[in-house]
Every structure is written in structure tokens, then in C-alpha cells.
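Asks: Pasting in a structure now, in C-alpha cells, and then I'll have a few things to ask.
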Amino acid sequence: MNSATASYMPRLLPLRLPRVCVAVIGSDASNMIEKAEAVVRDNSFLEFRLDYLSKPELALPKIKRFMETHPGTVAIATCRRVAGGGKFRGSIASQLNILTKAAASGCQLLDMELQTASKCKPPQLLKLRSRAALILSYHDFRATRKLEEILEKMLKYPADFYKVVSTATTLSDNVTMMKFLQTQSDKHALIGLCMGEQGIISRVLSVRAGSVFTFGAVSADLKTAPGQISAGELRSIYRIDQVDAATRVYGVAGDPIEHSLSPVIMNTALRRENVNGVYLPLHAKTLKDLMRCVREIPLHGLSVTMPYKQSILAHLDNTDAHTTKIGACNTVVRGQDGKLYGFNTDAAGVVRPLEQRLSIENAKVLVLGAGGAARAAVFGLKERGAEIWILNRTAVKAQKLARQAKARTIKRADLRKIAFDVIINATSVGMGNTRDCPLKDEEIQARVVFDMVYDPVETHLLQVARAKGIAVIPGVEMFVQQAARQFEIWTGKPAPAGDMLRAVTIALQDRVAQKQQKS
Ligand code: NAP
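First residue of the sequence shown? That's 37 in the numbering used here, and the numbers climb one at a time after it.
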């Protein structure tokens, strides 16, 4: 290849590269190629992580065959040394040798970390670059800092792409990364993202900030970097191929947030209703960090979960009367005036499924619990004319709520004295366990039993009620309805509740299957 071709190819490559590169690892060369075969039909852009293999050279003939049989594939060869954050323990000379052979095997791009480049002689780099496009990479496994300074150091070495990967320890680190990409990507071909659970925003949004592409894992259990998500999820849940400047960003904020099903349900709704939006999990360790992200990304809508439902109220410009009364906000929307408005849709999540089964007016309802969810249920049902009794482990909290909502409290010993139409479990008893139950079997007497707990779908409370012939409402219905109301507030469109219910049911079933596989 002459020098003219060498400079021509890199200029064309960014235009042709897909948005997601799938990082492929394997226990040995054959296993790595098997993994590549499994994903190549849906992903024409792969990275072979040669440094994960104990004998990387053995993979090269197999990669050559693979590239010959999949002519449309673009591949990066990476053999990162330990000093640069990889797993390759060989010398720089053997790393260069492997990369050179990888190019001869058909890999069009070669990744070399800054640490290696700084120890090579210019002709060595030039020679490598004449064989394939060069990605010069830098990884910070601790923080997101001094990105411009790092890039400046990297620019001393001619390359076709500069890859800067940092670690997000706050949500705001994503903002830093995206500002860096926005200001630098018109001057250089950049790849940038943040690793870590808090870096997911950048994994999805960096492509619209100027990153040429982003990385995805083959599957959730085959990650090559902390916080990486699978290429399948990037495409099907986050619709990364459609993310553009006009895409509105929504998210669910809480701590912890890892197991939230909100991204599955909300992205399903956005896709189904053709809304140009993406919904992300936001692991917010502080409210200050979250609010910075809300302002700077900016976020158009936010679902708020524990522990911020109460404390976020002080950061909003306005809330509706209902939310003020409940004293907790689970939904934030950015108005056209840029101001933040708070709502509580948990009440809709209780009222909607119930009114499909009975008339709420004058219905006798027992609410178990006096926390945030119980408050939403009590105020929501009271507004609809229900008669409410509250039973809580900590009696004073029940009394306080009863006073505020003009409801009554009840002692456990008196439960049998009233014929309830509805029993609602608004405690966390039963969560993650099918044996715990907030009531004894003989105390479960009503026309309808509603359990707010949705994981597991079928709690012990629901099992007993069902066995007694009582109509049951599982927590997923509330989950779907409160999410549906959020969707309506954000988009002004009716929510596709049926599709949302299907998506969350499948996700919960998958979770059960994964747990069973592990045990
Ligand atoms: P919260 O504010 O922390 O309140 C927890 C409530 O559960 C309190 O009343 C607490 O009683 C009670 N509780 C906890 N452990 C207990 C135990 N071992 N025995 C008896 N009572 C116990 O939580 P929250 O936000 O209201 O959520 C409550 C439940 O509703 C959670 O399981 C949550 O996942 C679920 N939820 C579901 C949805 C949905 O969409 N399906 C929406 C919101 C909430 P004390 O006052 O005595 O501590």
C-alpha cells in the first residue's frame, strides 16, 4: 500500500463505520471466533481482543479465514499490554508483530495504546499505519479528568482515530466527556466514552456528541470493560442507530438503579409510539450530581425513585397540588419554558388498575404501609371517594398519614371486624422472596387484593388470595400504569400500556430464568 492509499483510507473509514463496535473475547482462539460467528450477522463491526488470549498468534489464521468468509466485516485488532490496561504480557516488539500480522489477516483497524506508542520509533508507527488504520487509545480506569491534556499528548503521534476512555464516578463525568467530544470532534476523529455503571449515558449519547462509534459487549456476561452494555441492548433497547441531535433524553434516577426495569418499559413505549427519545438508567449518588445532569444534558423527563422522591421537590420550579399533598415526586418534566415540573404518577398506578375491577367510590380499602407508595395510594383513593384504613408496622407513621389524608388507622387485631373490598400491600414485605407475607393467611379477606411488590410477580400474598378465589392485582400492573402516566405527561400521547406490560413481564421472566441458571 502506498502512502496515498494510506491517507485516503482513514478519511473514508469514519463515514462507513457502524455506530457500534462489538468487542469479542474468548477463552481461546476457537472460542473467540465462535463468538464472532454468533454476532456477525447483526453486527458488521467487531473488535478482536487478542490480549484476552494466552496465545494471540494462534488466533490470526482463524481471523484471516473469518474475514475471508465475512467480506463485509470491519474489524479492529487489539492486543493491549498490561501497562495500558490490557491483558497482554508480552514485549512491545511482540505486540507490534501481532498487530502487523492481524492487519495481514484482514483487520482494517489496529488499536495501540498511548503507552506503547510513546515507546515506539516514528518509523515503526508509520509502518504499522501503512498496513491499516491506527486507533491510538488511552484508558483512565479511575476518573474522568484532563481529557484535553491527554488528547494533546496523543496528537503527537499520527493516527487515524484517537480513542479516549475514562471512568465515570459521577453522572456529571458524562457531561465532561460529551463536552470534550463536542469541542474536539470537528478537528479530530475521536472515539470517547466513560466506563463504569455511571458511564452508561456516554455509551449511548457519545455518538451524537461526536464519537465516531461506541463499544458494546457480545452479551451481558461477556463484557470487556466495566459498565459496558451488550450491542443487542444498545440497538434494541436504546435504539442507538436512531439517536441524533433531536433525540430527547429521559431517564430514571435513583441509588441503586442497576436492577430497574424502567429502561425496558419506557424505551419500549418510546419505540412503539415513534417518539424520538431515549431513556437511560441514571445511578445518582447525590442529588446535586443528578441535577447538574438534568440541566446540562439536558434531560427532558425524569422518573425519580428511592432515595430522591422527597428531596427532589426542593429542586423543582413547581409541582401539582396532588404531588405537594403526597410530599413525594416520581416524575419530572422539563416544560417548554425550561422549568422543571414535578408530578406523582404512583397514585394513577393504584387507581387505574383498581377502577377496572370495581367502583372506587365508597369502597372499603385497607392500606398496609405508610411509606411513599402508601401515601400515593391513600391520597389517590381518597380523592376518588374510597374509605381508607391504614395499618403500618410503625403505628405513629400510620396515624400521621391518617390525619393528613382524613383516613383511619386500624389495629391488626381488629382486621377481622371490617369486610374490606380491597387490601393493598404498600410495604416492601414480599420483595425478592415468595414466602414473606404482610398478613397471615386467615387475615386475607377481601374482594380484591393488590400487591405493589412486583418482583417476584407472584408474591405469597397473591398466591394465598388467588387460592381463596379473590381477584388479584399484581404490582406489575401498577408499575406499568405509573409508567404509562409518566409517558403521557412527557409526550402528550396515549401510552401503549399493553406493549409495556408485555415488555416488563418478559424482562421479569428472563430475570427468573437467569437466577435459576446461576443457582
Ligand atoms: P418506603 O417509603 O420505604 O416504605 C416502606 C413501607 O414498608 C413502610 O410502611 C415500612 O414500615 C414497611 N415495611 C418495611 N419492612 C417491613 C417489615 N419487615 N414488616 C412490616 N412492614 C415493613 O417504600 P415505598 O416507596 O413506599 O415502597 C413500598 C413498596 O411498594 C416497595 O416494595 C416498592 O417496591 C413498592 N412500589 C411498587 C411500585 C409499583 O409500581 N409497583 C411503585 C412504588 C412502590 P415502617 O414505617 O414501619 O418502616
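Virtual Cβ for every residue (Gly too), placed ideally from N, Cα, C.
1. Measure the beta-carbon distance from N461 to E423 and round it to whole angstroms, keeping in mind my assumption that it falls under 8 Å.
2. Hey, which unbroken runs of the alpha helix (DSSP H) at 4 residues or more fall wholly within the stretch 158-193?
3. State the DSSP-derived secondary structure class of M231, mapped to helix, strand or coil.
4. How is H496 classed by DSSP in three states: helix, strand or coil?
5. Let me make sure I understand the geometry here. Which of I265, Q220, V279 and V254 has the alpha-carbon closest to that of L241?
6. State the beta-bridge partners of K400 as determined by DSSP.
7. Consult DSSP for G268 and reduce its assignment to one of helix, strand or coil.
8. Relative to the C-alpha of R101, which residue among A72, T114, A267 and I542 is closest?
9. Quick check on the burial criterion: 16 or more other C-beta atoms within 10 angstroms. Buried or exposed for L132?
10. Could you check if K345 is buried or exposed, using at least 16 other CB atoms within 10 Å of its CB as the buried criterion?
11. Start and end of the beta strand (DSSP E) containing F197?
12. According to DSSP, what are the bridge partners of A507?
13. Could you please give the first and the last residue of the uninterrupted beta strand (DSSP E) stretch that includes I2?
14. Apart from the five residues just before and just after F456, which ones in its own chain have a Cβ nearer than 6 Å to its Cβ?
15. H319 lies in the beta strand (DSSP E); which residues open and close that run?
16. Is K476 near the ligand NAP, going by C-beta to nearest heavy atom under 8 Å?
17. Tell me which residues share the same chain as K155 and place their Cβ nearer than 6 Å to its Cβ, disregarding the 5 neighbours each side in the sequence.
18. Is M213 close to the ligand NAP? I mean its beta-carbon at under 8 Å from any heavy atom of the ligand.
19. So, for V512: in the same chain, excluding its five sequence neighbours on each side, which residues have a beta-carbon less than 8 Å away from its beta-carbon?
20. What number of angstroms, rounded off, separates the C-alpha of I480 from the C-alpha of H496?
21. Please report the straight-line C-alpha distance between G232 and A245, rounded to a whole angstrom.
22. For R55, is the classification buried or exposed, using 16 other Cβ atoms within 10 angstroms of its Cβ as the cut-off for buried?
23. Can you tell me the Cα-Cα spacing of T470 and G62, whole angstroms?
24. So the alpha helix (DSSP H) G534 belongs to, where does it begin and stop?
Replies: Taking the geometry as given:
1. Mapped onto the sequence shown, residue 461 falls at position 425. Mapped onto the sequence shown, residue 423 falls at position 387. That belief does not hold up - the Cβ atoms of N461 and E423 are roughly 18 Å apart, past 8 Å.
2. If we require 4 residues or more, the alpha helix (DSSP H) runs fully inside the stretch 158-193 come out as 158-165 and 183-190.
3. As a working note, residue 231 is residue 195 in the sequence shown. Reduced to three states, the DSSP call for M231 is strand.
4. Numbered from 1 along the sequence shown, position 460 holds the residue referred to as residue 496. Here H496 sits in helix by DSSP.
5. Start at 1 with the first residue of the sequence shown, and residue 241 comes out as number 205. When each option's Cα is compared against that of L241, the closest is V279.
6. Residue 400 sits at position 364 when you count from the first residue of the sequence shown. For K400, which the question treats as bridged, DSSP gives the partners E423.
7. Start at 1 with the first residue of the sequence shown, and residue 268 comes out as number 232. If DSSP states are grouped into helix, strand and coil, G268 belongs with the helices.
8. The count along the sequence shown starts at 1 and reaches residue 101 at position 65. Ranking the options by Cα distance to R101, first place goes to A72.
9. By 1-based counting over the sequence shown, the position of residue 132 is 96. Within 10 angstroms of the beta-carbon of L132 lie 16 or more other beta-carbons, which makes it buried.
10. Looking up residue 345 in the sequence shown gives position 309. Buried: at least 16 other Cβ atoms inside 10 Å.
11. To locate residue 197, count along the sequence shown from 1; it is residue 161. First-last of the beta strand (DSSP E) with F197: F197 to T203.
12. Position 471 of the sequence shown, counted from the first residue, corresponds to residue 507. DSSP, once it has assigned bridges, lists V484 as partnering A507.
13. Beyond the ends of the chain as shown, which are 37 and 555, falls residue 2; an answer cannot be given.
14. Position 420 of the sequence shown holds residue 456. Excluding sequence neighbours, F456 sits near K400, L402 and A482.
15. Start at 1 with the first residue of the sequence shown, and residue 319 comes out as number 283. First-last of the beta strand (DSSP E) with H319: G313 to H319.
16. The sequence position of residue 476 within the sequence shown is 440, counting from 1. No.
17. Working through the sequence shown from its first residue, we reach residue 155 at position 119. For K155, where only same-chain residues beyond five positions count, the Cβ hits under 6 Å are I128.
18. By 1-based counting over the sequence shown, the position of residue 213 is 177. The answer is no for M213.
19. Position 476 of the sequence shown holds residue 512. Counting only Cβ-Cβ distances below 8 Å, and skipping sequence neighbours, we find Y490, V493, L537, V540, T541 and L544.
20. If you number the sequence shown from 1, residue 480 lands on position 444. If you number the sequence shown from 1, residue 496 lands on position 460. Between the C-alpha atoms of I480 and H496 there is a straight-line separation of about 11 Å.
21. Numbered from 1 along the sequence shown, position 196 holds the residue referred to as residue 232. Numbered from 1 along the sequence shown, position 209 holds the residue referred to as residue 245. If I take the Cα positions, the gap works out to 19 Å.
22. In the sequence shown, residue 55 corresponds to position 19, counting from 1. With 16 or more Cβ atoms within 10 Å of its Cβ, R55 is classed as buried.
23. Taking the first residue of the sequence shown as 1, we reach residue 470 at position 434. Taking the first residue of the sequence shown as 1, we reach residue 62 at position 26. Answer to the nearest angstrom: the Cα atoms are 37 Å apart.
24. On the sequence shown, position 498 is the one that residue 534 refers to. Here the alpha helix (DSSP H) through G534 covers A533 to K554.
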